[in-house]
Every structure is written in C-alpha cells, then in structure tokens.
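Reminder that position 244 of the sequence shown reads as 243 in numbering that gives the first Met the number 0, one-by-one numbering, no gaps.
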Amino acid sequence: MGVFEMEASTQAVKTAYDSAMENFDLAADALNLSVDVRNMLKYPERILHVNLPVRMDSGHIQRFEGYRVQHSTARGPAKGGIRYHPGVTLDEVKALATWMTWKCAVVNIPFGGGKGGVTCNPKEMTQTELERMTRRYASAILPLIGPERDIPAPDVYTNSQIMAWIMDTYSMTKGYPIPGVVTGKPIALGGSLGRNEATGRGVYYTVQSAAEHLRIPIKGAKVVVQGFGNAGSIAAQLLDSNQAYVIAASDSRGCVFNANGLDIPKLIAHKEKTGGVAGMPNAESISPQELLALECEILIPAALENAIDATNAGAVKAKIVGEAANGPVTPEGDAILEKNGVFVIPDILCNAGGVTVSYFEWVQDEQHLFWEAQDVYNRLERVMKNSFAEVLKIYLDHKVSMRTAANMLGIGRVAEATVLRGLYP
Ligand code: NAD
C-alpha cells in the first residue's frame, strides 16, 4: 500500500456511496423532484454478492468475494465496469453503479447503470489464477449479465484479456459466441477500434471545452496527472501532443516531476518496462501531497475515489480539475474547490468517453458491422463536446456547480424515463 493510499483510508470519513447519495440529493433538490420520484430513482435495483472459491497455483483454494450491482435499467440494459482491487467493497460498487446511471444519461446513450468488483490483489496473482478467478466470477454473475441485460467492461486493474475470458465463459453456456455481453474486448473478438483510449480521449475533449470556456490555451498549459494508468496516461499523451506540458504524474508506487514537462512517450515506455513511473530519468521524485498542490492550469485525478477531500482541496492551485477517475473529489473537497474558483469537470461527464465507445462497441457487435477508428473518434468528440455544452448551459442558467449541473442533466433524463415507464402495480 502506498503512502497516499494509507492516508486516504484513514482520513476519508465519508464513503463513496455517501458522496453519491449526497450529490443525488443536491441535484434532486435543484430539479424539485418529488419524494415519490426520488424513491423510484435513488437506490440500486439489484445487488448480487458472490463467493468465489478459486484454486490457486499452489493447489489450495482461496476464497474471494465479488459483487455485481445494477443501479438502474430505466433507460436500457445496465452498463458498467468490473474492478479488481483490494479495496473493493459493496458500498464502493453501489456508488460506482449509481454514477454509471447518471453518466449514461448525461451522454444520452440508451443504457442504465451497473458495476461489479472482486476484492482481490491482481498484482499478487498469476495469469492462470486471474483467469480461474475471472471465469468463476463470470459464472457467478451469469444470471444477471447479457447483451440485453447488463454489459460489463474493464475498470481499475481489469483489461481486455479479462473481458475476453468473461465473453468466453458466457458464450460457452449458450453454445455460440456472444461478443455483445462485454465491451472493452480485444479487437479480434469484436472489440471496437478506439475503445482502449476512449476514456482518456474523452477527458481530453472535455478539458479542451473547459479551457475554451475559460479562455485558457491548451498550448503551453501545465498539466498534472494523478494515476498514470489507462485513463490518465492517454489524457496525458493527448495533452502532450497538443503542446501542453505534463509536469507531474503518479501511480500507486510513486510521483515524478519535471518543471519543464515530462517526456510522456518515454514515461509510458518506462512504466511499461518497470511497472511504475518511479525512477523515470530526468524527473525528480515528489510526494503525493506535493503533486496535488503543484502550480498548474489542469489537474487530472485519474486514480481512485476520495483523492481530493477537506484536508487537501485547499492546496489545489489548478484552474481546471478534469475528473478522469470516478468520485475523486468528496463533497467537502468540492465545496473548497468551488470557493477557490476551481472549475471542475465532473466525473460523469469528464470520463464518459469510455462508456460512450463501449456503447459504440455494443452497437457494432449487435450489427456485425465494424467502424474505422476515425469514425469512432469523430462520433466520440461530438458526443463529449455536445454533452459538455449541455452541462455548461445548466451551470450558467441555474448558477449551480458543474457537478450539480451534470447530475441535473443525468438524473433529469432518468427521472423522465422512470416516470414514463411507471410502476408495476
Ligand atoms: P488503471 O488500472 O489503468 O489505472 C489506475 C492507475 O492509478 C494505476 O496506474 C495505479 O497505479 C494508479 N493509482 C492507484 N492508486 C493510486 C494512488 N493512491 N495514487 C496515485 N495513483 C494511484 O485504471 P483506469 O481504467 O485508468 O481507471 C482509473 C480511474 O478512471 C478509475 O477511477 C476508473 O473508475 C475511472 N474510469 C476508467 C474508465 C476506463 O474506461 N478505463 C472509464 C471511466 C472511468
């Protein structure tokens, strides 16, 4: 466990689900939603808690716990990633599933919200152990998933190989290949071009829109990335190739800094080779607290929840915080950033590029007709920039925070669908 993780776990008073509920209430109040409608929308529809006995390479059986939560299917099948991490709890999965519901509605794709997770440390497991655990988990959640019901995707410490094993396990029970049961698959199994970089690319498009709104040029802007994984490194790469300076980046094992800008292609290669950003040549090592407090135009939290809270939000000097991660700022952290005039691009908008291209992948799988990469990028850019403009309009018209504005857009759309569907008597 890194220093940052230990601090985060002792200081976080509220859970991610508490934050999700609190943010729901703020938006529901702004939308004047009745208690009846809130009761129909707020809580998860279905929760599955599974036990996974897995044979480890030693021959012994280890028990893991996993979850799949469907928060809402009001607007379509549940959609959301699967996380493998030692910190996974039911509370966290419920929060992530709730955010997925509002996120799919913000970008107006016909999905509800879901999420899954297994409490495990994949860094300490072999490939064969990971495969056995994944297949066991896939068969345990089999009653819930399917292309028309609930479609998993990668999240923290899961990837396209894990999606391939889930697709295979599901398909074996049906007797024919069903690629549409998961997204974020390898291209060879019906994955979409552009899916791997979709979240980071979407972050880039919304940061571009925010910078345009605030009249901050991307060229020459200083950028800090907390969590140099899939989402964070791709956003960094796009900002770097558009002449911003990524001056600092971190992962669970270290933080690196160069006031003149890190060499991002070299940092990606260094992380691939060594497993982390630490030890990057021509960069100095700094602490996680120093990283968040750096002078910069753009800060991208792209690791885990609750990274910016009451204890450190006051130190943030960025003009724009682009939430690549889900729930990286607590409600208390939010209030401090708002008071200090920091422009926050909320997670359910900023990182919605991933689920948007997952939707494109699902459409391509269902139609057996595959698109070119540029086609995916063009459609993604349109969706992200239109959604940003819709949220910005609510922010300006209603004088609420960007987070409440995004929640108003998402929750408003889910409320409309829920009320139209009505209740089974
Ligand atoms: P990832 O596993 O590829 O990357 C996560 C990175 O965060 C890793 O480099 C890890 O070392 C680092 N990290 C972990 N703990 C840290 C800490 N305490 N301080 C600094 N760095 C730390 O995962 P990802 O897919 O990039 O997901 C990152 C975030 O983005 C998550 O919150 C996830 O829910 C969100 N997200 C991802 C996608 C997607 O499509 N990948 C879509 C939407 C949202």
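C-beta atoms are modelled at their ideal positions from N, C-alpha and C, and glycine is treated no differently.
The alpha helix (DSSP H) enclosing residue i, as first and last residue numbers
i: Phe-359; result: 352-366
i: Ala-416; result: 401-420
i: Leu-213; result: 197-213
i: Gln-225; result: Looking at the DSSP string, Gln-225 is not in any alpha helix (DSSP H); the run it does join, the beta strand (DSSP E), is 221-225.
i: Arg-54; result: Looking at the DSSP string, Arg-54 is not in any alpha helix (DSSP H); the run it does join, the beta strand (DSSP E), is 45-54.
i: Pro-264; result: 263-273
i: Ala-324; result: Premise fails: Ala-324 is in no alpha helix (DSSP H) and is neither H nor E.
i: Ser-249; result: No alpha helix (DSSP H) holds Ser-249; the beta strand (DSSP E) holding it covers 244-250.
i: Val-341; result: Premise fails: Val-341 is in no alpha helix (DSSP H) and is neither H nor E.
i: Ser-33; result: Taken as a continuous stretch (DSSP letters only), Ser-33 belongs to no alpha helix (DSSP H), as it is neither H nor E.
i: Phe-387; result: 372-397
i: Gly-260; result: Segment: none, Gly-260 is in no alpha helix (DSSP H) and carries neither H nor E.
i: Lys-171; result: The displayed chain sequence assigns Met, not Lys, to residue 171. Its alpha helix (DSSP H) spans residues 159-173.
i: Leu-188; result: Counting along the chain, Leu-188 falls outside any alpha helix (DSSP H), and DSSP gives it neither H nor E.
i: Ile-233; result: 229-240
Contact test: residue i Cβ vs the ligand NAD heavy atom, cutoff 8 Å
i: Phe-227; result: yes
i: Thr-97; result: no
i: Val-418; result: no
i: Ala-301; result: yes
i: Glu-389; result: no
i: Ala-268; result: no
i: Gly-260; result: no
i: Arg-156; result: The sequence as given places Tyr at residue 156; Arg does not occur at that position. Checking the Cβ of Tyr-156 against the ligand NAD gives yes.
i: Ser-249; result: yes
i: Asn-434; result: Absent from the structure is residue 434, since the part of the chain shown begins at 0 and ends at 424.
i: Val-375; result: no
i: Gly-115; result: no
i: Ala-306; result: yes
i: Val-399; result: no
i: Arg-82; result: yes
i: Ala-324; result: yes
i: Arg-252; result: yes
i: Ala-312; result: no
i: Pro-287; result: yes
i: Ala-197; result: yes
i: Ala-152; result: yes
i: Ala-220; result: no
i: Pro-327; result: yes
i: Gly-145; result: no
i: Gly-275; result: yes
i: Leu-230; result: For clarity, residue 230 is Ala in the given sequence; the question names Leu instead. Because some heavy atom of the ligand NAD lies under 8 Å away, the Cβ of Ala-230 counts as near it: yes.
i: Gly-353; result: yes
Beta strand (DSSP E) segment containing residue i, residue limits
i: Pro-330; result: Run containing Pro-330: none in the beta strand (DSSP E); it sits in the alpha helix (DSSP H), 330-338.
i: Arg-62; result: 60-71
i: Ala-282; result: Premise fails: Ala-282 is in no beta strand (DSSP E) and is neither H nor E.
i: Cys-254; result: 253-256
i: Val-180; result: Looking at the DSSP string, Val-180 is not in any beta strand (DSSP E), and its letter there is neither H nor E.
Spatial neighbours of residue i in its chain, beta-carbon cut-off 8 Å, leaving aside the 5 residues before and after
i: Glu-130; result: Trp-164
i: Ser-138; result: Thr-168, Thr-172
i: Asn-273; result: Looking at the sequence itself, residue 273 is Thr, so the reference to Asn does not match. The answer is none, since no qualifying residue turns up.
i: Ile-177; result: Gly-145, Pro-146, Met-166, Tyr-169, Ser-170
i: Leu-336; result: Ile-307, Ala-312, Val-315, Val-320, Val-328, Val-343
i: Asn-22; result: Pro-330, Arg-402, Thr-403, Asn-406
Chain-order list of residues whose beta-carbon lies under 6 Å from that of residue i (same chain, five-residue window excluded)
i: His-269; result: Met-279
i: Ala-405; result: Val-105, Pro-345, Ile-347, Leu-348, Val-390
i: Ala-277; result: Arg-252, Gly-253
i: Pro-424; result: none
i: Gly-75; result: Pro-109, Phe-110, Gly-111
i: Leu-25; result: Thr-403
i: Ile-233; result: Glu-196, Gly-199
i: Thr-14; result: Asp-90
i: Asn-358; result: Contrary to the premise, residue 358 reads as Tyr rather than Asn in this sequence. For Tyr-358, where only same-chain residues beyond five positions count, the Cβ hits under 6 Å are Ile-108.
i: His-48; result: Tyr-66
i: Arg-45; result: Gln-69
i: Leu-30; result: Met-407, Gly-411
i: Ala-247; result: Val-223, Phe-256, Leu-290, Leu-293
Closer than 8 Å: residue i CB and nearest the ligand HEM heavy atom
i: Arg-402; result: You won't find the ligand HEM in this model; what it holds is the ligand NAD.
Close Cβ partners of residue i (< 7 Å) along its chain, the five nearest in sequence each way excluded
i: Lys-265; result: none
i: Asn-50; result: Arg-62, Glu-64
i: Gly-1; result: Confidence is the limiting factor: at Gly-1 the pLDDT is only 40, short of 50, which leaves the residue's position unreliable, though a coordinate-based value still follows. So the qualifying residues of the chain are Ser-251, Arg-252.
Interface flag, residue i vs chain C, CB-CB below 9 Å
i: Ile-81; result: Judged by its chain identifiers, the structure shown contains no chain C, having just a single protein chain.
For this session: Mind listing, in chain order, the continuous alpha helix (DSSP H) runs of no fewer than 4 residues lying wholly within the stretch 127-156?
Result: Counting only runs that start and end inside the stretch 127-156, there is no alpha helix (DSSP H) element of at least 4 residues.
Exercise. Can you give, in chain order, each stretch of the alpha helix (DSSP H) that sits fully within the stretch 85-116 and has at least 4 residues?
Worked result: With a minimum length of 4 residues, the continuous alpha helix (DSSP H) runs that stay inside the stretch 85-116 are 89-105.
Exercise. Touch check for the stretch 371-378 and the stretch 186-193: three-plus C-beta pairs under 8 Å?
Worked result: Because the criterion of three Cβ pairs below 8 Å is met, the stretch 371-378 and the stretch 186-193 touch.
For this session: Pick out the complete beta strand (DSSP E) segments inside the stretch 286-315, 3 residues or longer, and give them in chain order.
Result: The beta strand (DSSP E) runs lying completely inside the stretch 286-315 and spanning 3 residues or more are 297-300, given in chain order.
Exercise. Are the stretch 180-188 and the stretch 307-324 touching, with three or more C-beta to C-beta distances below 8 Å?
Worked result: The answer is no - the stretch 307-324 does not touch the stretch 180-188, with fewer than three Cβ pairs under 8 Å.
Exercise. Do the stretch 115-122 and the stretch 64-72 touch if we need at least three Cβ pairs shorter than 8 Å?
Worked result: Verdict: yes, contact present.
Exercise. Would you say the stretch 411-424 touches the stretch 223-241, given that touching needs at least three Cβ pairs under 8 Å?
Worked result: No, the stretch 411-424 does not touch the stretch 223-241.
Exercise. Looking at C-beta atoms only, is the number of pairs between the stretch 211-227 and the stretch 283-301 that lie closer than 8 Å three or more?
Worked result: They touch, by the three-pair rule.
Exercise. Hey, is the stretch 376-389 in contact with the stretch 315-330, meaning 3+ C-beta pairs nearer than 8 Å?
Worked result: In this structure the stretch 376-389 does not lie against the stretch 315-330, because fewer than three pairs of beta carbons, one per stretch, are closer than 8 Å.
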